Amino acid sequence: MAAPGLDTSGPGAAGSPGPPPAPADPRARDRRDPSRTARRFGLTGALLMAFGALGAGALPVPNPLNGLRILGLPGRNVTVAIAITYAGMGMLVLAWLWIGRMLNDKGAVAPAPDRMQLARTGILWALPLCAAPPLFSKDVYSYLAQSAITARGIDPYVLGPAQALGVDDPLTRAIPTIWRDTPAPYGPLFLGLGRGITALSGDDVVLGLFLHRILALVGVGLVLWALPKLARRCGVEPGLALWLGAVNPLVLFHLVSGIHNEALMIGLMLAGLELGLRATGPLGWVPGAALITAAAAVKVPALLALGFLGMYLARRRGGRVRDVAFVAAVLAAVAAAVLVALGWATGLGFGWVHTLGTANSIRSWMSLATDLGQLSGQLGILVGLGDHTDSTLMLTRGIGGLAAAALCAMLLFATLRGRVDPVTGLGAGLGAVVLLGPVVHPWYLLWAAIPLAATRGLPRYRRAALAASAVLAVMVPPTGADFDFRAYQLPMAIVAGLVLVVAAALVVRRRHRVPGGPDRPGSPTRSVDSAT
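Be aware that the sequence shown starts at 1, since it is given in full-length UniProt numbering, and climbs by one per residue.
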């Protein structure tokens, strides 16, 4: 007899076989969550980048992968490896843009991914790059050599790697030729941490670069912690700020993969700014100011954040001249105490002050001041006045520096008067310092781009921010400096990579062209953010 309350008459009743369940349609699941395909598309791109980096990355000299059966395969056909890397770069950038279209100024509107999904996506995309050789830059090898110089008791602000370690030292051989004789331009905190890395890795270049990557990931982690909080403080949806700032391809390519110490500088700077802005006691902002100073002891531009924090605090005290003077005096005392303590603890003192202009020896085509100087010099040659390029460069770079200082002063005053919030002021000020400075690299733009992602201005222009980040992300060759390209090698690799990206995008698009799918008018993905 059937148990009471159970219906045994239907085909699916207990004891009767019934029809098998219909197979789940993966395309239906993707229609319910259209960002799923975009996240997988980006992950595939990151995996391709990681594989291509085995042959196209900024590899040590000699390459430790040479002779290995599987891992050494990309290095035996570098053109194919570069093409695979470019394909991965394109896929990750397209996936980032795809998800960015689903977000609006109020954040994730269903079925767009929420903040936690965005954070998990960024971490998932970063994991393959964390396990791969560095891409886009060989600066990490300079970090290793300068850290070793410090560990050996030699002043890294006086001698470069070639003089201090020798040209044949394994830590010197992977450094681009232009930087082998260059003293360190970095602050005592960074070189002190690097000395600890040298104590663990010794002359093992591979272990050393992965330890430096862990240090960079600590900085990225601080950005992930501070950026949403600053965005909420500025009235911006945290998920949107996280996507535009922390999961930006420039961050993944140059901070995670490229291992630039901008990661630690920006992370400490933003964490210190958040601690300073949230403080309630009379001097509760001192720890935040100390953290910002620590960021400046990695790279000095972070010191600008102290100015904007100080103007905010002075305004909170009343905005009078004596309030500005009091806050400036306390901030100066905190900064001096931190820098003296770091200089004494590391034994490096203030020698780094004399090497801050080291990077100015190159002529960066992305720098407006440098471009104007070189153009003026070439015009002088054309009209028969001789080659005065060095003089015109000094003039235009000086004018650019004065213009940047003037813009920063205006932003500081606007922050004191309450017309600009300190986060916006900091982002715009660092943007002026970078764009009007003598040297500009794509990762320098992150000084401004990451804090600006948390401000009210940038989300309104998110399409321009998305487009600019996408273009800049693919402008730097993945091999870094000093790579001996054949005339045909790089163009062929770029074309092949582009073909792979287009083919992958067409396959994904065709897979989703189903009745009621996201390509049909009125579908969920088209209604997520009609403004975009």
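The C-beta atom is built at its ideal place from N, Cα and C for all residues, glycine as well. These numbers were taken from a predicted model, which means no experiment stands behind them.
Distances from the CA of Leu222 to each of Ala295, Asn77, Pro176 and Arg40 were compared; the closest alpha carbon is that of Ala295. Sorting Ser257, Ala329 and Gly88 by C-alpha distance to the C-alpha of Leu283 places Ala329 at the top.
Straight-line measurement puts the Cα of Phe51 at about 14 Å from the Cα of Met91.
Ranked by Cα distance from Ala332, the first of Leu309, Gly196, Leu275 and Ala95 is Leu309.
His260 has its alpha-carbon roughly 16 Å from the corresponding atom of Val439. Between Pro188 and Gly160, the C-beta spacing is not below 8 Å. If the five residues before and after Val158 are omitted, its C-beta is found closer than 8 Å to the C-beta atoms of Pro183 and Gly351, all from its own chain and listed in chain order. For Pro62, there is no enclosing alpha helix (DSSP H), since its DSSP letter is neither H nor E.
Within the region 252-326, complete alpha helix (DSSP H) segments of at least 4 residues are found at 262-278, 286-296 and 304-317, given in chain order. Spatial neighbours of Ile494 in its own chain (CB-CB distance under 7 Å, excluding positions within 5 residues in sequence) are listed in chain order as Tyr86.
Annotated three-state conformation of His388 is coil, per DSSP. With the rule of 3 Cβ pairs closer than 8 Å, the region 226-233 does not count as touching the region 203-210.
Per DSSP, Cys234 lies in no alpha helix (DSSP H) and is assigned neither H nor E. The beta carbon of Ala162 sits closer than 7 Å to the beta carbons of Thr172, Arg180 and Asp181 from its chain, once the five residues preceding and following it are set aside; these are given in chain order. Each residue's CA atom was taken as its position, placing Gly349 and Gly245 some 34 Å apart. Looking at Leu490, His441 and Gly425, the one whose alpha-carbon comes closest to that of Cys234 is Gly425.
Between Gly480 and Ser137, the gap from beta carbon to beta carbon is short of 8 Å.
With respect to the 8 Å criterion, Ala216 and Leu255 are classified as neighbours on the basis of their beta carbons.
When C-beta atoms of the region 270-289 are compared with those of the region 143-152, fewer than three pairs fall below 8 Å, so the two segments do not count as touching. The Cβ neighbour count for Gly196, taken over all protein chains shown within 10 Å, is under 16; the residue is labelled exposed.
For Leu445, no alpha helix (DSSP H) run applies, since DSSP gives it neither H nor E. Listed in chain order, the non-local C-beta contacts of Ala414 below 7 Å within the same chain comprise Val420 and Gly425, local neighbours out to five positions each way being set aside. The residue from Leu129, Val205, Leu127 and Met116 with its alpha-carbon nearest to that of Ser142 is Val205.
Collapsing the DSSP output to three states places Pro176 in coil.
For Trp225, the CB contacts under 7 Å within the same chain, skipping 5 residues up- and downstream, are Ala271 in chain order. For Ala126 against Thr198, the beta-carbon gap comes to about 25 Å, at or over 8 Å, which does not count as contact. Counting only residues of its own chain and dropping the five nearest sequence neighbours on each side, Leu47 has a CB closer than 6 Å to the CB of Pro128. For the options Gln374, Gly239, Ala405 and Thr370, the alpha carbon positioned closest to that of Gly307 is the one of Ala405. Per DSSP, reduced to three states, the secondary structure at Gly88 is helical. The C-beta separation of Leu71 from Leu54 comes to about 6 Å, placing the pair in contact by the 8 Å criterion. Between Val247 and Leu43, the C-beta spacing is not below 8 Å. Counting only residues of its own chain and dropping the five nearest sequence neighbours on each side, Leu250 has a CB closer than 8 Å to the CB of Pro442, Trp443, Leu445, Leu446, Ala449, Ser469, Leu472 and Ala473. Secondary structure at Leu54: helix, using DSSP grouped into helix, strand and coil. Listed in chain order, the non-local C-beta contacts of Ile175 below 7 Å within the same chain comprise Lys138, Tyr141, Ser142, Ala145 and Pro161, local neighbours out to five positions each way being set aside. For the alpha helix (DSSP H) assignment, the uninterrupted runs of no fewer than 4 residues enclosed by the region 138-210 are, from N- to C-terminal side, 139-151, 161-165, 170-173 and 188-201. Taking all protein chains in view, the Cβ of Ser367 is crowded by 16 or more other Cβ atoms within 10 Å, so the residue is classified as buried.
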